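*Asks:* So the sequence lines, in the order shown, correspond to chains A, B and C. Heads up, the first sequence is in full-length UniProt numbering, so the first residue is 1 and it goes up one at a time. Heads up, the second sequence is in full-length UniProt numbering, so the first residue is 1 and it goes up one at a time. Heads up, the third sequence is in full-length UniProt numbering, so the first residue is 1 and it goes up one at a time. By construction, the Cβ of each residue, glycine as well, lies at the ideal position given by its N, Cα and C atoms. Source: prediction; values computed, not measured. What follows is a single structure, and I will ask about it in a moment.
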Amino acid sequence: MRGAKSAKWVVGAIVVAMAATACNGGGDSKSSSGSGGKPAGYVSVDVGEPQNPLYPTDTNETLGHYVITALYSPLVKFDDKGKILNVAAESITTEDSKTWTIKLKSGWTFHNGEKVTAQSYVDAWNWGANIKNNQKNSLWFNDIKGYEDVHPEKGDPKSDKMSGLTAKDELTLSVELKNPVPYFQYKLGYVPFMPQPQAFFKDPKGFGQKPVGQGPYKFEKWDHKKLIQVAAYDGYKGDDKPKNKGVQFKQYSTVEAAYQELMSGNLDLIRQIGPKDLPKYKSDLGDRAIDKPYAAVQSIVPAFYSEPFKGIDPKVIQGLSMAIDRQTITKTVLNGTRTPATSFTPPGVEGNQSDLGVDVFKFDPAKAKDLIKEGGGVPGNKIWIQFNGDGGHKEWITAVCENIRQNTGVECLADPKPDFQADLDLRDQNKVKAMYRGGWVADYPLNVNFMRELYKTGAEANSGRFSDKGIDELMEKGDNAKTLEESVKLYQEAEKAMVQKMPSIPLWNYRINGGHSKTTDNVVVDYRGDYVMTEVTPK
Amino acid sequence: MPEATEGAVVAGAATETTVSTVTTAGGAGGSGGSVGKPRSLWSDAWGDLRRNPLFVASAVLILLLLTMACFPSLFTSASPRNGDLTGAFLKEPEYGKVFSPEWLGYDGQGRSIWARLVYGARASVIVGVVVTGTVTLFGGLVGMLAGYFGGWADSLLSRLTDVFAGIPFLLGAMVVLTSFEVRTVWVVSAALAVLGWTQIARVMRGSVISIKQQDYVMAAKALGAGTGRILLRHILPNAVAPVIIVATTALGGYIAAEATLSYLGIGLADPAISWGIDVSAGKDQLRNAPHVLLFPALMVSITVLAFIMLGDAVRNALDPKLR
Amino acid sequence: MGRYVARRLLQMIPVFIGSTLLIFLMMYALPGDPVRAMWGEQAIDEAQIASIKHDLGLDLPLWQQYWNYVSGLFQGDFGTQIASQRPVADVIADAIPVTLRLALFAFVFTVVVGISLGVLAGLKADRWLDKGVLFFTLLLVSVPSFVLGYLFQFIFAMKLGWLTPTVQNSEDFGQLFMPAIVLGSLSLAYVTRLTRTSIAENKRADYIRTAVAKGLPRRRVVGIHLLRNSMIPVVTFLGTDLGALLGGAVVTEGIFNVQGIGREIYEALNRHEGSTVVGIVTLLVIVYLCASLIVDLLYAVLDPRIRYA
Chain A
1 MRGAKSAKWV VGAIVVAMAA TACNGGGDSK SSSGSGGKPA GYVSVDVGEP
51 QNPLYPTDTN ETLGHYVITA LYSPLVKFDD KGKILNVAAE SITTEDSKTW
101 TIKLKSGWTF HNGEKVTAQS YVDAWNWGAN IKNNQKNSLW FNDIKGYEDV
151 HPEKGDPKSD KMSGLTAKDE LTLSVELKNP VPYFQYKLGY VPFMPQPQAF
201 FKDPKGFGQK PVGQGPYKFE KWDHKKLIQV AAYDGYKGDD KPKNKGVQFK
251 QYSTVEAAYQ ELMSGNLDLI RQIGPKDLPK YKSDLGDRAI DKPYAAVQSI
301 VPAFYSEPFK GIDPKVIQGL SMAIDRQTIT KTVLNGTRTP ATSFTPPGVE
351 GNQSDLGVDV FKFDPAKAKD LIKEGGGVPG NKIWIQFNGD GGHKEWITAV
401 CENIRQNTGV ECLADPKPDF QADLDLRDQN KVKAMYRGGW VADYPLNVNF
451 MRELYKTGAE ANSGRFSDKG IDELMEKGDN AKTLEESVKL YQEAEKAMVQ
501 KMPSIPLWNY RINGGHSKTT DNVVVDYRGD YVMTEVTPK
Chain B
1 MPEATEGAVV AGAATETTVS TVTTAGGAGG SGGSVGKPRS LWSDAWGDLR
51 RNPLFVASAV LILLLLTMAC FPSLFTSASP RNGDLTGAFL KEPEYGKVFS
101 PEWLGYDGQG RSIWARLVYG ARASVIVGVV VTGTVTLFGG LVGMLAGYFG
151 GWADSLLSRL TDVFAGIPFL LGAMVVLTSF EVRTVWVVSA ALAVLGWTQI
201 ARVMRGSVIS IKQQDYVMAA KALGAGTGRI LLRHILPNAV APVIIVATTA
251 LGGYIAAEAT LSYLGIGLAD PAISWGIDVS AGKDQLRNAP HVLLFPALMV
301 SITVLAFIML GDAVRNALDP KLR
Chain C
1 MGRYVARRLL QMIPVFIGST LLIFLMMYAL PGDPVRAMWG EQAIDEAQIA
51 SIKHDLGLDL PLWQQYWNYV SGLFQGDFGT QIASQRPVAD VIADAIPVTL
101 RLALFAFVFT VVVGISLGVL AGLKADRWLD KGVLFFTLLL VSVPSFVLGY
151 LFQFIFAMKL GWLTPTVQNS EDFGQLFMPA IVLGSLSLAY VTRLTRTSIA
201 ENKRADYIRT AVAKGLPRRR VVGIHLLRNS MIPVVTFLGT DLGALLGGAV
251 VTEGIFNVQG IGREIYEALN RHEGSTVVGI VTLLVIVYLC ASLIVDLLYA
301 VLDPRIRYA
């Protein structure tokens with residue numbers, strides 16, 4: 001019976017081990033479950049785990065953006081028409097659009113008590129631009145003189161300072177650009193252009209987990225994949241002082257779960273209603289429902305190197321555009337989460353033109369057919385729309401394809417890729433079969449951002465490889481304009497010209513569909529579709 | 001069996017029942033002592049099957065499904081692709097109009113759900129049959145070689161089996177499928193087969209080990225029969241019963257696995273038509289129009305049920321111990 | 001016994017290496033580049049991508065990456081996530097307690113309900129109770145978990161309002177109830193059927209007749225003699241099933257908002273976080289290997305005739 005006995009011992013050991021792990025699990029979680037409670041006066045929002053550590057210069061996605069903008073205050077922000085408002089900056093001036101002088105407001109301090117000076121900006125930007133620090137937003141410093149020294153194409157950086165950046169005095173920052181950029185002050189509203197305290201540079205890794213900024217909120221804790229908590233900063237000097245005591249950014253793995261929590265009062269703000277609840281959320285929430293447009297466009301983009309679209313007559317693309325019943329699709333399949341597009345830029349950005357004086361965005365099957373015929377049709381009479389299957393695009397792509405197929409006779413097939421990476425990979429390598437799904441959210445609310453980045457020859461985000469001399473010239477003129485107003489105007493001309501070339505088929509602009517709890521009020525949405533957390537008032 | 005969870009049924013339990021079946025089935029072949037008449041087990045089984053109402057019910061269902069898969073246009077005149085968003089978006093079912101396009105209502109693209117169900121049968125049937133076939137052939141071969149030769153060959157093949165068996169079925173299939181940019185039924189079948197063969201291999205190995213010690217195999221060896229002849233003529237016919245039991249039950253599991261993967265967005269994808277895809281789309285309408293989710297889900301369940309019942313009936317017929 | 005265990009442990013090594021290598025290769029073969037994908041549709045910066053890859057060792061040849069990974073593994077280092085820059089070990093450690101609770105709940109449910117149903121059915125073989133149980137298990141096996149999950153959610157949470165539709169707090173066993181049952185339902189069906197078959201077979205065995213003839217009370221006959229001897233196939237199944245419950249919950253965790261291993265691996269796969277996927281699968285392989293060893297050892301407990309040398 002020796003075998004049996006030792007085997008019994010084994011069983012005993014398993015039972016003990018299992019019990020131990022179970023208890024351990026329970027004990028562990030008790031400490032973290034305490035974090036589920038919300039301190040009085042705080043508001044909570046369904047913002048999940050940021051993709052990367054909390055560096056302004058590394059954050060390029062919405063979740064991290066929410067947290068960063070709570071902890072740091074930008075130099076400028078924008079009103080809902082896309083006009084500039086100063087926040088941390090007293091003034092931003094330039095004579096020639098090449099050398100910019102930024103005067104800071106005085107008396108600002110970081111959350112650790114350190115004074116915010118021009119040097120805090122210079123050091124932070126130099127650090128963010130340095131290739132050694134692996135920051136994803138470093139390209140944003142590309143306009144500044146000396147960028148190549150800290151961020152060479154190959155090899156080690158020659159310097160750790162950009163020559164164009166100097167702190168003239170404690171509160172004056174001078175930025176010299178490589179070339180004139182008439183709309184540079186717009187770019188300064190984006191996240192990379194934040195300051196860092198001196199202590200940051202001693203331990204960047206630690207600060208990535210526990211950031212110290214000069215914004216309306218100071219960091220409290222980060223319970224990974226559960227919650228990030230920030231508290232209103234008493235010493236905050238900006239005009240946008242928080243109207244609540246703090247914010248909890250809470251993670252939910254599904255939008256449905258977040259919605260349940262909103263309904264049961266455990267969550268104050270929800271950014272996105274799941275498809276399951278969309279048809280009913282307005283009746284569920286009444287006047288607590290939020291439904292507002294923001295500056296983002298969804299489109300389908302022809303790959304101009306692909307078989308069906310190589311050297312195509314733009315009339316065909318215009319025809320395809322007119323075969324799509326934007327009204328019906330946004331109302332049914334998309335549940336009112338989008339507004340049909342009428343131009344290449346969304347409303348709410350400076351320079352948007354709601355009427356380009358054409359009917360290209362109207363649904364007109366008869367004219368669509370005629371245009372395609374006039375333009376010589378699509379070679380092979382078949383197109384594909386490539387998209388990432390993990391992004392919730394399937395339904396509208398299918399509907400758009402059906403529109404094209406039924407209204408023009410051009411066979412249209414959805415071409416899903418398993419995930420975003422596979423999708424991007426094919427775009428980078430010029431292997432899109434016909435068209436791909438495009439989406440663009442404003443980095444800064446200016447019409448330039450929706451054209452230059454996407455359709456200029458050789459622009460990095462121009463994955464359709466659209467190239468047109470006339471359009472390029474118009475855009476270059478805009479880039480070399482003396483003033484911002486002039487630049488915006490020239491880009492408006494470029495937009496009008498684009499209708500005749502059709503670098504993409506804009507479909508619709510985004511809306512935010514969310515809601516808030518009974519215990520909160522005054523929910524404001526900014527141009528990116530983000531809630532302005534400082535404005536939210538707890539009741 | 002790591003594959004026993006989550007839709008990827010693959011009959012984890014079946015392996016275990018066959019632990020006992022292996023010996024009995026082998027014994028049945030052997031104790032009959034009828035090298036020349038290995039059919040007695042089969043004709044017995046067939047007689048058994050015909051009288052089993054479970055078998056009759058499942059066979060009728062499966063025949064229906066097969067016809068649907070081959071000739072969908074016999075069942076519906078509507079197209080599974082033509083959507084009408086203005087007129088038919090999420091239209092409620094009209095249960096009175098049996099077999100008409102509007103019978104089971106319309107989905108979120110304004111397509112007839114009945115037509116989608118009919119045309120979706122093909123993907124399920126193909127995946128089920130192809131995976132089961134491949135797995136039985138390959139797993140059977142590996143198991144037979146390992147069981148018959150023993151020693152180093154056995155160690156090597158068994159460890160190889162362990163390697164694939166250790167990887168969780170569904171997770172493994174997800175990883176494999178993510179690496180394909182275009183996922184057709186064949187790709188999905190291949191992914192399932194790559195991870196699914198181990199079970200058959202183990203069953204076959206056990207079965208062969210018990211049979212190769214039987215007198216008639218020894219006798220054939222002594223008479224100088226070649227390895228190939230012994231394997232094919234003497235061992236295979238007697239060792240195959242437990243494999244068939246596992247395979248039929250697993251077939252339903254593979255169909256469920258395809259639906260699960262398509263549901264997760266990692267299996268088949270548009271413009272392919274699959275019940276799993278439709279369940280996935282239907283979940284968004286759960287509050288608004290539950291019928292969009294209900295019918296494809298029901299269809300998957302009925303189909304899997306049909307094959308599991310078939311597997312059950314076959315097991316009852318082939319396993320004398322259960323009679 | 002000791003030698004047997006040693007031999008089994010040795011056999012695990014090639015299997016372990018094989019499995020991890022297989023998954024590693026699969027992840028390596030995925031199209032797309034996780035580092036580049038962090039830029040999304042925005043303008044990308046080739047130099048920066050190269051620099052990040054270099055720092056993570058992703059620019060090394062495949063065999064070297066694998067070697068680094070495995071040697072790190074033996075020092076308890078599971079690697080670092082590309083985007084979050086968190087140690088994979090931390091990420092897994094966060095998710096494991098949640099999954100463990102869910103799996104154990106499902107496991108206990110499976111064992112208790114499954115064996116009871118199986119014994120009942122087995123004792124009344126071929127009566128209506130038996131037929132009913134058989135049909136019930138057939139239904140459970142046929143309904144895939146993603147269907148069952150929504151069905152439960154729809155009926156018990158949305159129509160009847162008895163339970164919360166999703167899990168908000170993974171320590172609350174009341175909330176874990178529904179996902180645990182959905183997760184365990186398939187195993188439940190198998191356990192029931194295995195127990196039923198085994199009991200039905202064994203109750204006609206000689207030793208049971210002897211026990212009854214000896215005048216032992218029925219409770220003792222069934223509880224000790226019959227049950228113990230009928231448990232071998234059930235234990236075999238349960239042993240390997242525990243690992244499956246831990247790893248196979250991708251669907252259930254998704255439907256019910258459970259932040260466990262299944263969600264983690266699904267997300268990691270989408271982001272091509274190779275080290276996370278390989279790390280989790282490695283753990284599951286180890287659980288699987290250990291579970292099958294333990295099951296084999298358990299045979300000796302249940303059946304004194306079995307000896308390992």
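So what's R111 (chain B) in DSSP terms, helix, strand or just coil?
*Replies:* Coil, per DSSP.
*Asks:* Who are the near neighbours of I92 (chain A) in its chain, counting only those whose CB is closer than 6 angstroms to its CB and skipping five residues on each side?
*Replies:* These residues qualify, in order along the chain: I102, Q185.
*Asks:* Is the Cβ of R159 (chain B) closer than 7 angstroms to any Cβ of chain C?
*Replies:* Judged by the 7 angstroms Cβ criterion, R159 (chain B) is in contact with chain C.
*Asks:* For I259 (chain C), which residues from the same chain have a beta carbon less than 6 angstroms from its beta carbon, with the 5 sequence-adjacent residues on both sides left out?
*Replies:* It is worth fixing the name first, because residue 259 (chain C) is Gln in this sequence and not Ile. Result list for Q259 (chain C): V98, in chain order.
*Asks:* Closer than 8 angstroms, Cβ to any Cβ of chain A: which residues of the segment 16-39 of chain C, in chain order?
*Replies:* So the close ones are L30, P31, G32, D33, P34, R36, A37, M38, W39.
*Asks:* Could you name the residues of chain B that L413 (chain A) contacts, counting a contact when the two beta carbons are closer than 9 angstroms?
*Replies:* Result: D270, P271.
*Asks:* I'd like to know whether the C-beta atoms of Q337 (chain A) and L85 (chain B) end up nearer to each other than 7 angstroms.
*Replies:* The amino acid at residue 337 (chain A) is misidentified as Gln; the sequence shows Thr. Contact: no.
*Asks:* Along the chain, where does the alpha helix (DSSP H) containing D90 (chain C) start, and where does it finish?
*Replies:* Run containing D90 (chain C): 88-123, per the alpha helix (DSSP H) assignment.
*Asks:* If you run the structure through DSSP and keep just helix, strand and coil, what is F99 (chain B)?
*Replies:* Residue state, collapsed to three classes: coil.
*Asks:* Taking only beta-carbon positions, decide if P197 (chain A) is within less than 7 angstroms of chain B.
*Replies:* Output row for P197 (chain A): interface = no.
*Asks:* Does the segment 86-94 of chain C come close enough to the segment 69-78 of chain C to have 3 or more Cβ pairs within less than 8 angstroms?
*Replies:* With the cut-off at 8 angstroms, the segment 86-94 of chain C and the segment 69-78 of chain C touch.
*Asks:* What does DSSP give as the partner residues of Y531 (chain A) in its beta bridges?
*Replies:* For Y531 (chain A), which the question treats as bridged, DSSP gives the partners A:V525.
*Asks:* Using the C-alpha atoms, what's the distance from P271 (chain B) back to G311 (chain B)?
*Replies:* Between G311 (chain B) and P271 (chain B), the C-alpha separation is close to 32 angstroms.
*Asks:* Less than 8 angstroms between C-beta atoms, sequence neighbours within five positions excluded: which residues of the same chain meet that for V358 (chain A)?
*Replies:* So the list reads V499, once near-sequence residues are dropped.
*Asks:* Consider the Cβ of D45 (chain C): report whether some Cβ of chain A lies at a distance smaller than 7 angstroms.
*Replies:* D45 (chain C) counts as touching chain A.
*Asks:* Residues of chain F with CB closer than 8 angstroms to the CB of S51 (chain C), please, in chain order.
*Replies:* The structure shown contains no chain F; its protein chains are A, B and C.
*Asks:* Is the Cβ-Cβ distance between T339 (chain A) and F450 (chain A) less than 7 angstroms?
*Replies:* No, the Cβ-Cβ distance between T339 (chain A) and F450 (chain A) is not below 7 angstroms.
*Asks:* Could you check where the alpha helix (DSSP H) with R326 (chain A) kicks off and where it finishes?
*Replies:* That run of the alpha helix (DSSP H) goes 326-331.
*Asks:* Please name the residues in the segment 161-180 of chain B whose beta-carbon is closer than 9 angstroms to at least one beta-carbon of chain A, in chain order.
*Replies:* Flagged, chain order: L177, T178, S179, F180.
*Asks:* Would you kindly work out how many angstroms separate the C-alpha atoms of V181 (chain A) and I290 (chain A), rounded to a whole number?
*Replies:* Rounded to the nearest angstrom, the two C-alpha atoms are 36 angstroms apart.
*Asks:* Any beta carbon from chain B within less than 7 angstroms of L284 (chain C)'s own beta carbon?
*Replies:* Yes, contact with chain B.
*Asks:* For the segment 260-279 of chain A, enumerate the residues whose C-beta is nearer than 9 angstroms to any C-beta of chain B, in chain order.
*Replies:* Result list: G274, P275, K276, D277, L278, P279.
*Asks:* Decide if the segment 69-84 of chain A is in contact with the segment 191-200 of chain A; the criterion is three or more beta carbon pairs, one per stretch, under 8 angstroms apart.
*Replies:* The segment 69-84 of chain A vs the segment 191-200 of chain A: in contact.
*Asks:* Within 10 Å of its beta-carbon, does T210 (chain C) have 16 or more other beta-carbons around it, so buried, or fewer, so exposed?
*Replies:* So T210 (chain C) counts as exposed.
*Asks:* Report the CB separation of V163 (chain B) from V15 (chain C) in whole angstroms; it is logged as a contact under 8 angstroms.
*Replies:* Indeed, because the Cβ distance is near 5 angstroms, the residues count as touching under 8 angstroms.
*Asks:* Grab me the residues of Q251 (chain A)'s own chain with a C-beta within less than 6 angstroms of its C-beta, minus the 5 sequence neighbours each way, in chain order.
*Replies:* The residues are G48, E49, K225, K226.
*Asks:* Hey, residue 361 (chain C) and V175 (chain B) are a contact pair by Cβ (cut 8 angstroms); roughly how many whole angstroms apart?
*Replies:* Residue coverage of chain C in this structure runs from 1 to 309, which leaves residue 361 (chain C) outside it and unanswerable.
*Asks:* Would you give the residue range spanned by the alpha helix (DSSP H) that H516 (chain A) belongs to?
*Replies:* First-last for H516 (chain A): 505-516, but that is the beta strand (DSSP E), not the alpha helix (DSSP H).
*Asks:* When you compare each of C:A93, C:I265, C:Y66 to A173 (chain B) by their alpha carbons, which one comes out closest?
*Replies:* Among C:A93, C:I265, C:Y66, the Cα nearest to that of A173 (chain B) is on C:I265.
*Asks:* Just to confirm the assignment, what range does the alpha helix (DSSP H) spanning S120 (chain A) have?
*Replies:* Note, S120 (chain A): alpha helix (DSSP H), 118-129.
*Asks:* In or out: R315 (chain B) buried (at least 16 other Cβ within 10 Å) or exposed?
*Replies:* So R315 (chain B) counts as buried.
*Asks:* Taking Cβ-Cβ distances below 7 angstroms as the criterion, which residues of the segment 51-83 of chain C are in contact with chain A?
*Replies:* Answer set for the segment 51-83 of chain C: S51, I52, D55, A83.
*Asks:* Who does Q168 (chain C) pair with in a DSSP beta bridge?
*Replies:* Its beta-bridge partners do not exist; DSSP assigns none.
*Asks:* Straight-line CA distance for A232 (chain A) to E220 (chain A)?
*Replies:* Each residue's alpha carbon lies about 10 angstroms from the other.
*Asks:* Would you say Y288 (chain C) lies against chain B (beta-carbon separation less than 7 angstroms)?
*Replies:* So yes, Y288 (chain C) belongs to the interface.
*Asks:* Would you mind stating whether A115 (chain B) and T76 (chain B) have Cβ atoms separated by less than 7 angstroms?
*Replies:* In this structure, T76 (chain B) lies closer than 7 angstroms to A115 (chain B) by Cβ.
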